[in-house]
Amino acid sequence: MEINGNSNDVLHIVVFPFFAFGHISPFVQLSNKLSFHGVKVSFFTASGNASRVKSMLNSAPTTCIVPLTLPQVEGLPPGAESTAELTPITAELLKVALDQMQPQIKSLLSNLKPHFVLFDFAQDWLPKMADELGIKSVYYSVFVALSTAFLTCPARVPQPKNYPSLEVMKKPPPGFPHTSVTSVKTFEAQDFLYIFKSFHGGPTVYDRVLSGLKGCSAILAKTCSQMEGPYIEYVKSQFKKPVFLVGPVVPDPPTGELEERWGNWLNKFESGTVIYSSFGSETFLTDDQIKELALGLEETGLPFFLVLNFPANIDVSAELNRVLPKGFMERVKERGRGIIHSGWVQQQHILAHSSVGCYVCHAGFSSVIEALVNDCQVVMLPQKGDQFLNAKLVSGDMKAGVEVNRRDEDGYFGKQDIKEAVEMVMMEVDKEPGKFFRENQKKWKEFLLNKDIQCKFIEDLVYEMKGMAKISSN
Numbered sequence: 037m038e039i040n041g042n043s044n045d046v047l048h049i050v051v052f053p054f055f056a057f058g059h060i061s062p063f064v065q066l067s068n069k070l071s072f073h074g075v076k077v078s079f080f081t082a083s084g085n086a087s088r089v090k091s092m093l094n095s096a097p098t099t100c101i102v103p104l105t106l107p108q109v110e111g112l113p114p115g116a117e118s119t120a121e122l123t124p125i126t127a128e129l130l131k132v133a134l135d136q137m138q139p140q141i142k143s144l145l146s147n148l149k150p151h152f153v154l155f156d157f158a159q160d161w162l163p164k165m166a167d168e169l170g171i172k173s174v175y176y177s178v179f180v181a182l183s184t185a186f187l188t189c190p191a192r193v194p195q196p197k198n199y200p201s202l203e204v205m206k207k208p209p210p211g212f213p214h215t216s217v218t219s220v221k222t223f224e225a226q227d228f229l230y231i232f233k234s235f236h237g238g239p240t241v242y243d244r245v246l247s248g249l250k251g252c253s254a255i256l257a258k259t260c261s262q263m264e265g266p267y268i269e270y271v272k273s274q275f276k277k278p279v280f281l282v283g284p285v286v287p288d289p290p291t292g293e294l295e296e297r298w299g300n301w302l303n304k305f306e307s308g309t310v311i312y313s314s315f316g317s318e319t320f321l322t323d324d325q326i327k328e329l330a331l332g333l334e335e336t337g338l339p340f341f342l343v344l345n346f347p348a349n350i351d352v353s354a355e356l357n358r359v360l361p362k363g364f365m366e367r368v369k370e371r372g373r374g375i376i377h378s379g380w381v382q383q384q385h386i387l388a389h390s391s392v393g394c395y396v397c398h399a400g401f402s403s404v405i406e407a408l409v410n411d412c413q414v415v416m417l418p419q420k421g422d423q424f425l426n427a428k429l430v431s432g433d434m435k436a437g438v439e440v441n442r443r444d445e446d447g448y449f450g451k452q453d454i455k456e457a458v459e460m461v462m463m464e465v466d467k468e469p470g471k472f473f474r475e476n477q478k479k480w481k482e483f484l485l486n487k488d489i490q491c492k493f494i495e496d497l498v499y500e501m502k503g504m505a506k507i508s509s510n
């Protein structure tokens, strides 16, 4: 690790995501784009995550990983340094560990002397620290602007600590723009109330986010005005500071070949007919959800590739036999038109395969972008937090995918709801609204794959940051 301060003409940025790969990944993607444009990047991450982060970062002489030492926290298993290794409750202790790391972070920043530190939602203490060291702080929101606008702006909690009720959370905050998002369902609002809960005596997520957004020198959002113009303007009006846009940060095309067994299976089917379904490595569906999803996919009559993940130390084979409907695995095997897999797969390669035409997912925004840049129709079944708002943005504003219909009070969906959502974009291709969604998907694909547009987002960001740091852009 090289710590040598700054040269005057090279923009130097410290990048510091929260210890969750759902946050680390977008910070890595941004770091790769910035390093390509000559920016020096020092990437802060827990030492236990360093090797995985290194494998994700592009090799560049101007990029280095700065490993951090997590303090011992009662209840946090030794060696557990990301949310992937922890239950949601135990993962809250990572914020406790993070708060105890302030002296370590201050020492590193003092030595590195970067122009900027890009930080995440949990480091609410960082803007003040950076300011004391003469370093500019940028809050990098990995969530869509709709999420910030709906959930974590000052108008949401006009009186400090007077948090909203369930009914209030179902409606947008005062002054919210007129868009397709006019309310959320009861079960979604219930999930949003998590941001107002305190764990282990620490600040709530809402209070951390507000402190970070209010204290930082500038806000950086992983979005663009073409997708979210009204929400971006609302966020600007709420925080009254520069809001930089990095665009949707389209991932680079995958390298290498798709694993032979999956390639051979997918090659058996006609172009655009296979449904791929996955919910990420840290989202676990309930027994009922797995059953209804599996039966819904089967009832479409289309071939499907379903990835189901379970918490660590679970016997996957026994769990699948227990959860899936009786006879389901046998039927799927016999017909040869379905795969049920648990564990990591080459998702980008699969979505890029010509036979895959539909992606049923949790509406994580990076996953949606991966689908849109390929010829995949998007069917969304959001599970938590910002995913609910991503789904509303994509289906309601962008009109680039459909959301599975669910019961208001508890989010229940049945096999028929899955079947209808898939059929709308896969079979009813000459009928509205399916026809409209498919046409829009093509428009968004063209926009996302326009290298000039996507590259300009990064160029503009570097230009703006150099201006703030008083570095010549020549």
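If you read the sequence shown in the working numbering, its first letter stands for residue 37, the second for the next number, and so on. All C-beta atoms, glycine included, are put in the ideal place defined by N, C-alpha and C.
Considered as a whole, the segment 381-418 harbours 383-388, 401-408 as its complete alpha helix (DSSP H) runs of no fewer than 4 residues, in chain order.
Bridge pairing for residue 76: 48 [DSSP]. Excluding sequence positions up to five before and after residue 443, its CB lies within less than 8 angstroms of the CB of 223, 449, all in the same chain and listed in chain order. The beta carbon of residue 68 is closer than 7 angstroms to those of 93, 94 in its chain, skipping five residues each way along the sequence.
Sequence-distant partners of residue 53 (beyond 5 residues in either direction) whose C-beta falls short of 6 angstroms from its own C-beta, in its chain, are 59, 60, 63, 156. Within the same chain, Cβ atoms closer than 6 angstroms to the Cβ of residue 494 are found at 69, 73, the five residues on either side in sequence being excluded.
Residue 167 and residue 504 have their alpha carbons spaced roughly 14 angstroms apart. In summary, residue 380 is exposed, with fewer than 16 beta-carbon neighbours lying within 10 Å of its beta-carbon over all protein chains present. DSSP places residue 170 outside any beta strand (DSSP E), giving it a letter other than H or E. Bounds of any alpha helix (DSSP H) do not take in residue 103; it lies within the beta strand (DSSP E) bounded by 99-104.
Taking C-beta separations shorter than 7 angstroms and ignoring five residues to either side along the sequence, the partners of residue 267 in its chain run 181, 182, 185, 213, following chain order.
Residue state for residue 424 is assigned as helix, using DSSP reduced to three classes.
Look at residue 82 here: in three-state DSSP terms it is strand. Across the structure, residue 465 and residue 458 are spaced so that their CA atoms are roughly 11 angstroms apart. A check of alpha carbon separations from residue 432 across 217, 206, 129 identifies 217 as the nearest. Within its own chain, the residues whose Cβ lies closer than 7 angstroms to the Cβ of residue 244, once the five positions on either side in sequence are excluded, are 157, 158, 160, listed in chain order. Under the three-state reduction of DSSP, residue 439 is assigned to strand. Taking C-beta separations shorter than 6 angstroms and ignoring five residues to either side along the sequence, the partners of residue 176 in its chain run 154, 256, following chain order. Around the beta-carbon of residue 336, 16 or more other beta-carbon atoms lie within 10 Å, marking it buried. Closest in C-alpha terms to residue 314, from the list 404, 496, 113, 200, comes 404. Residue 329 and residue 454 do touch by the CB rule: their CB atoms are close to 6 angstroms apart, below 8 angstroms.
Taken atom to atom, the span from the alpha-carbon of residue 367 to that of residue 310 is near 17 angstroms.
When the beta-carbon positions are compared, residue 437 and residue 415 come within less than 9 angstroms of each other.
Looking only at 500, 489, 481, 435, the smallest Cα-Cα distance to residue 468 is reached by 435.
Secondary structure of residue 315 (DSSP, three-state): coil. Collapsing the DSSP output to three states places residue 299 in a helix. Under DSSP, residue 254 forms a beta bridge with 174.
Given a length threshold of 4 residues, each whole run of the alpha helix (DSSP H) inside the segment 166-243 is given here in chain order: 181-187, 202-205, 222-228. Counting only runs of 4+ residues, the alpha helix (DSSP H) found wholly inside the segment 434-506 occupies 451-462, 470-484, 487-505, in chain order. If you draw a straight line from the Cα of residue 48 to the Cα of residue 499, it is about 13 angstroms long.
Within the model, the alpha-carbon separation for residue 238 versus residue 162 is close to 15 angstroms. Inclusion of residue 413 and residue 365 in the CB contact set at 9 angstroms is not warranted, their separation being larger than that value. By the neighbour-count criterion, in which 16 or more other beta carbons inside 10 Å mark a residue as buried, residue 452 falls on the exposed side.
By the neighbour-count criterion, in which a residue is buried when 16 or more other Cβ atoms sit within 10 angstroms of its Cβ, residue 292 is exposed.
In the three-state DSSP reduction, residue 376 falls in the strand class (E or B). Taken through DSSP and simplified to helix, strand or coil, residue 310 comes out as strand.
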